[in-house]
Amino acid sequence: MTILHFRIFDSTFVIKDREILSRHFRVRDYRINNASPAAYFFALVRLFFFLLRNGNKYDAYFIRFADWHAAIIAFFGRLYRRKFFIVIGGFDVAAIPRYGYGAHLKGFRSRFIRYAMNRAACLLPNSLSMVYYENRFIGEGVVRGGIRHFVPGIQTRIEVVHNGYDSARFSCQPGIEKRNMVMTVAVVNRERDFYMKGMDRFIETSVQFAGLEFLAVGISRALIGRMGIIPPPNLRILEYTGTEELIRLYSEAAVFCLFSLSEGSPNALCEAMLCECIPVGTDVTSIPEIIGDTGFVIKKNAKEAFTENVRAALEADRQLGMSARRRIIAYYSLEQREERLVSILTDSASVM
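In this note's numbering, the protein residues as written are 772 to 1123.
Structure, rendered in structure tokens:
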């Protein structure tokens, strides 16, 4: 079977999925440029004509995220009777008007996404919460999301396939001891992301622990400056760090915080848990599912709740961090993702 693999960006997990597919199938890549709205628009035009000329040369299509491009691929999948698979990530099954977050904020865009989801051979959400969730953490009553919320009555096959993580690479580095450092990791370049990733709560919490080092990786200093935020003295900010340096920091940190208002499958949380950080996360979407009984879940969006849970994590037995690592290995391994993906695609190919 020859699979046309669509790539919008080269994240670790796009690359890993490509490697998995190429071990079992013939894979051809097609890149979609979404560097800007204009670039994405012209990329969609090129995609349409590419599939018009070449779509029938492939046996199946594999897509990450349901958006405008997925609707075009769905159209040609139906035209050429080709099966296509969509990895669902989080943004594509969300609508949070208060923060301008989610692909379903505008009805026209939402209709195109629903069209793609209804015509896929299989949807591959990376967590059970992406099928349906109720989010009470945002402060606007209950915010609902997930595949079944936006596409009620959907008949498409849905298979949860967790992201997989390299436990050999992400592990505590030899010679580095845990210390009372609290860290978080997120890509934050816009004001919307600052609040969606809970950076306001992280900074607020760091103030409550004046004698303790807090570390935030991935926040734009320019953004913080524009927002008029002055970080407290105990909060260190790194705009960027390479993977090896990040693993070293995970190895040092006793506690990892993820204070997001919404998530798909948070990679940094899983990587930190593999490095034996005790996790503290908000009670939204997939975060409680990942943490399980190996950390602390914040049930209420209130300052004291964040402070209390971080304090509890700092006071917890370090064995809890080892339990966190074992949990990720047990439920979120690369081997499990490979087995599930290959099984689903092979099963679908047998009835093509």
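Yeah, the Cβ is synthetic: ideal placement off N, Cα and C, and Gly gets one too.
Since this is a predicted model, take the numbers as computed values, not measurements.
Q: Kindly list the residues whose CB is nearer than 8 angstroms to the CB of residue 959, restricted to its own chain and excluding five residues on each side of it in sequence; keep chain order.
A: As a position in the sequence shown, residue 959 is number 188, starting the count at 1. Excluding residues up to 5 positions away in sequence, 965, 968, 970, 989, 990, 991, 994 lie with their Cβ nearer than 8 angstroms to the Cβ of residue 959 in the same chain.
Q | Rounded straight-line distance, which links the Cα of residue 1095 to that of residue 1065 | A | As a working mapping, residue 1065 is identified with position 294 in the sequence shown. As a working mapping, residue 1095 is identified with position 324 in the sequence shown. Rounded to the nearest angstrom, the gap between the Cα atoms of residue 1065 and residue 1095 is 5 angstroms.
Q. Using 8 angstroms as the threshold, is the region 864-871 in touch with the region 1021-1030, meaning 3 or more CB pairs across them?
A. No, because fewer than three Cβ pairs between the region 864-871 and the region 1021-1030 fall closer than 8 angstroms, the two stretches do not touch.
Q. Alpha carbon to alpha carbon, how far is residue 1045 from residue 939?
A. Stepping through the sequence shown from its first residue, residue 1045 is reached at position 274. Stepping through the sequence shown from its first residue, residue 939 is reached at position 168. In a straight line, the C-alpha of residue 1045 is about 9 angstroms away from that of residue 939.
(Q) By the DSSP assignment, the alpha helix (DSSP H) with residue 967 in it spans what residues? (A) Mapped onto the sequence shown, residue 967 falls at position 196. Its alpha helix (DSSP H) spans residues 962-967.
Q: Would you identify the three-state DSSP class for residue 812, choosing helix, strand or coil?
A: As a working note, residue 812 is residue 41 in the sequence shown. Helix, per DSSP.
Q. Cα separation between residue 797 and residue 948?
A. Residue 797 sits at position 26 when you count from the first residue of the sequence shown. Residue 948 sits at position 177 when you count from the first residue of the sequence shown. Going by the C-alpha atoms only, they are around 45 angstroms apart.
Q: Assign residue 808 to one of two classes, buried (16 or more other C-beta atoms within 10 Å of its C-beta) or exposed (fewer than that).
A: Position 37 of the sequence shown holds residue 808. If you draw a 10 Å sphere on the C-beta of residue 808, you find fewer than 16 other C-beta atoms in it, and that means exposed.
Q. Whole-angstrom Cβ separation of residue 833 and residue 777, contact assumed at under 8 angstroms?
A. For this step, residue 833 is matched to residue 62 along the sequence shown. For this step, residue 777 is matched to residue 6 along the sequence shown. Indeed, because the Cβ distance is near 7 angstroms, the residues count as touching under 8 angstroms.
**Q.** Nearest neighbour of residue 872, chosen from 1035, 820, 1076 [CA to CA]
**A.** Here residue 872 refers to the residue found at position 101 when the sequence shown is read from its first residue. Ranking the options by Cα distance to residue 872, first place goes to 1035.
Q. Is the distance from the Cβ of residue 1111 to the Cβ of residue 932 below 7 angstroms?
A. On the sequence shown, residue 1111 is found 340 positions in, with the first residue counted as 1. On the sequence shown, residue 932 is found 161 positions in, with the first residue counted as 1. In this structure, residue 932 lies closer than 7 angstroms to residue 1111 by Cβ.
Q: Determine contact between the region 891-901 and the region 1074-1091, defined as no fewer than three beta-carbon pairs at a distance below 8 angstroms.
A: They do not touch, by the three-pair rule.
Q | residue 911, DSSP secondary structure in three states | A | As a working note, residue 911 is residue 140 in the sequence shown. In this structure, residue 911 counts as coil in the three-state DSSP scheme.
Q. Can you give the beta carbon distance from residue 858 to residue 836, rounded, assuming they're within the 8 angstroms contact cut?
A. Residue numbering aside, residue 858 sits at position 87 when the sequence shown is read from its first letter. Residue numbering aside, residue 836 sits at position 65 when the sequence shown is read from its first letter. About 7 angstroms separates the two Cβ atoms, so the contact holds.
Q: Could I get the ranges of all uninterrupted beta strand (DSSP E) runs contained in the region 852-900, with 3 residues as the minimum, in chain order?
A: List check, beta strand (DSSP E) in window: 854-859, 893-896.
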